[in-house]
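Chains as they are written, first to last, in this note's numbering: chain A, 116 to 478; chain B, 20 to 531.
Where is the CB? At the ideal position from N, CA and C, for every residue including glycine.
Values in this document were obtained by computation on a predicted structure and should not be read as measured data.
In structure tokens, the structure reads:
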């Protein structure tokens, strides 16, 4: 007896295929991690309960989830811009760092700027710093065709060490505990918080940006060109589009948004520059953008989901479950969702054959 | 003598098309056999059946007197059927020896004896006079050398029947000579050689026997020495040789629109593809361009569309020098281009119809103001095209990849002729398109001609060229061999020129 399993292309892809596939993928990821938790001797039900409560259990917890989600949202939008043009920006981590670094510099050392302009200056400078870091990474691609996956990734390490130089060196806060971190940004360089929570006004900026990007891709000539280049470079050349110029522009925007994520982090809940300030947010942003298929509106939802995972993980310690479990969940969700995409356009057929029919076929 | 291979009454159907219809092919040991046919005649399907990639719906394969079934490529190898594909199956970063070993290696050989391997390969290649350097990396080799590696690989697998798919497509004439010298030596040893081609000249020069396929059917098998190129053309094209019927209205205001002088350009590999190419395109005419694929057509249309830089010569549009200006300027100055690769280049399959309608005019005032796309205008233009050109679709919002070939081509053509271009470059516009759509596409092109557009129609289909063209030019090895007025059009004449022959009658020429 033999079993033949084949993938067959669906004749018609229905809307529910597109919705069910990611939902089932996420469920499978949770089940998979549950099995691992069980094997490690924890109770998965308790774990998920604490996770959920930690993220959504009460108004305060939910507000903290939004605090986590805000920088992710900026960075996720940034990565999505690059991915829309099939440019693999793995460098959001480093661009985040540069945004945070530039904002800290402005916030701490440029107090001569008129007060109402300090925050806008931090955002602009942070955008440019992150954007420049992104553009540097794709210059070799624009000139010699070097794969940007590698260059963007490598520059992350450079950026992290750059931050270390400042927080261990010239910007180190000598007044407190001698930890590798800068001083807390003065109030003039901090974002206004709302409703007595740690959520700050940057969340509105992020939402506006998400809508703006959605419109940019749908309604503008530049957004259209980026989409065409992302899907078919030959057609883009044929249409007379300047691919190099667009690549630099896209990386400026992509890196810039990741940079702004860094800005809102240090001027928001983060409050200062610390070693390893990005803490994996750039990579999480990549997962968010990928899962959302670069749709800015969906990125809003997925950012909240991932913010919830991070926020919820703090609560896990109360149940004596290692908080790293959430990193595993993130990975499992991405893994399952990528695999699940196969089943949007395809369906499995399983055929069982017995020996006789096999022999017949061989003849 | 018993045949080494018989393929009897092979039929293979694909949805909507019968690729092979009762095809028979008989090969004898020691012969070099040519399988000749136009694109789409069913040559590749037949070879894929022989190689175990497809299984035939009907018919049988008899190999050395034994009825066999080839379910997969590994089976073909075990029977000693070796295939040299047009695109080589080699791993570029590995050495010649490693590649050959990969193809023949036994599973239990965990330790590679590099020196022994290389010595064996040298012995083998010397005995067939196929020089290869076993320790060279594939990417260091020329295309001709890579092909030799493929052949040595097949010999290592003990191939007795060697099938070569368009082996000369990538070779220089000298390399071609050498290749067939080697193949001849193998045939003398009793191996059977089958090569697939559509180049008549090679068939006449190098083969012993020829089987001609046309539209999925085997037309005839004959001895090379008993036939002529003319006869083969007739069999390939399936037409009696006729003078072009009827008269057609001459466009009143005829003037040269696009002039190419001594254009030189390289192909993607950096080899010369256009060598001093000359052409004049007049308003209100269709200039057909005949030629065997790969003689510079692609490079020519790319050059005109501004997608490929020239290395010499000049291009004038209404007297203005437009040599090597950007693709977007070419497009804006009124040159429309229907590329050969309609899905890969001409359209974006994953995008919907409106997005494809604006592909080449995303920055025009009609569709865009101050960087914002004018949705309403775009939608209206799309609906107009759908209606005017009768484009069948599953909804304009769906990805165009879901549409049929004919409708895709109508959409592409509709977009390109919108805005009344001065010049239309149409590369194989009806290739793979059903008969109904073909007629409609032809009608559109004729209407454009009558409007006054200068049209270059590139095609391999002589019948199409005869029906459509005011003049027919023939491209061969990157040169315009000759241009013939429609009154002088004969299949024999064109076929002769296509193989690179010079026209002894100087009729037609550049006189329109």
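- Any Cβ of chain B closer than 7 Å to the Cβ of residue 343 (chain A) would place that residue at the interface, and such an atom is present.
- The shortest CA-to-CA distance from residue 188 (chain A) to any of A:322, A:334, A:275 and A:298 is the one to A:322.
- For the segment 329-340 of chain A, the set of residues with a beta-carbon nearer than 7 Å to any beta-carbon of chain B comprises 334, 335, 336, 337, 339 and 340, in chain order.
- The three-state reading of DSSP puts residue 33 (chain B) in strand, counting E and B together.
- With respect to the 7 Å criterion, residue 196 (chain B) and residue 105 (chain B) are not classified as neighbours on the basis of their beta carbons.
- Looking at the DSSP output, residue 283 (chain B) bridges to B:331.
- Boundaries cannot be given for residue 72 (chain B), as no beta strand (DSSP E) includes it and DSSP labels it neither H nor E.
- Taking a Cβ-Cβ cut-off of 8 Å, the neighbours of residue 391 (chain B) in chain A comprise 334, 335 and 336, given in sequence order.
- Excluding its 5 nearest sequence neighbours in each direction, residue 225 (chain B) has C-beta neighbours in its own chain below 7 Å: 51 and 199, listed in chain order.
- In the three-state reduction of the DSSP assignment, residue 155 (chain B) falls in the coil class, being assigned neither a helical nor a strand state.
- At least 7 Å separates the beta-carbon of residue 297 (chain A) from that of residue 153 (chain A).
- Contact residues of the segment 354-384 of chain A toward chain B are 354 and 355 (C-beta to C-beta distance below 7 Å).
- The same chain holds no residue with a CB closer than 7 Å to that of residue 155 (chain A) once the five nearest residues on each side in sequence are set aside.
- Under the 8 Å Cβ criterion, the segment 430-443 of chain A does not count as touching the segment 179-188 of chain A, having fewer than three qualifying pairs.
- By a beta-carbon distance limit of 8 Å, residue 218 (chain A) contacts residue 382 (chain A). Their separation comes to about 6 Å.
- Spatial neighbours of residue 278 (chain A) in its own chain (CB-CB distance under 7 Å, excluding positions within 5 residues in sequence) are listed in chain order as 212, 216, 388, 390 and 392.
- Within chain B, the residues placing a beta-carbon under 9 Å from that of residue 352 (chain A) are 326, 346 and 364, ordered along the chain.
- Of all residues in the segment 75-101 of chain B, the ones placed with a Cβ closer than 9 Å to any Cβ belonging to chain A are 88 and 90, in chain order.
- Closer than 7 Å to the CB of residue 381 (chain B) there is at least one CB belonging to chain A.
- Look at residue 347 (chain A): its C-beta is under 7 Å from a C-beta on chain B.
- A Cβ-Cβ separation of about 6 Å places residue 276 (chain B) in contact with residue 301 (chain B) under the 8 Å criterion.
- According to the DSSP assignment, residue 371 (chain A) belongs to the alpha helix (DSSP H) that extends over 358-381.
- Among the residues of the segment 326-342 of chain B, those with a Cβ less than 9 Å away from any Cβ of chain A are 326, in the order of the chain.
- CA-CA distance, residue 201 (chain B) to residue 149 (chain B), rounds to 7 Å.
- The alpha helix (DSSP H) runs of length 4 or more contained entirely in the segment 374-448 of chain B are, from start to end of the chain, 394-407 and 424-436.
- Assignment of residue 328 (chain A) by DSSP, reduced to helix, strand and coil, places it in the helix class.
- Assignment of residue 60 (chain B) by DSSP, reduced to helix, strand and coil, places it in the coil class.
- Sorting B:162, B:116, B:122 and B:160 by C-alpha distance to the C-alpha of residue 142 (chain B) places B:116 at the top.
- Residue 327 (chain B) counts as buried, since no fewer than 16 other beta carbons sit within 10 angstroms of its beta carbon.
- Counting along the chain, residue 222 (chain A) sits inside the alpha helix (DSSP H) bounded by residues 207-224.
- Distance from residue 494 (chain B) to residue 443 (chain B) at the Cβ level is roughly 18 Å; contact not present, criterion being Cβ atoms closer than 8 Å.
- With distances taken between CA atoms, residue 311 (chain A) lies nearest to A:175 out of A:140, A:459, A:175 and A:157.
- Linking residue 391 (chain B) to residue 376 (chain A) through their CA atoms gives a straight-line distance of about 27 Å.
- Per DSSP, reduced to three states, the secondary structure at residue 323 (chain B) is helical.
- Straight across, the Cα-Cα distance linking residue 366 (chain A) with residue 355 (chain B) is about 32 Å.
- Each of B:109, B:111, B:102 and B:255 was checked against the Cα of residue 179 (chain B), and the nearest Cα belongs to B:102.
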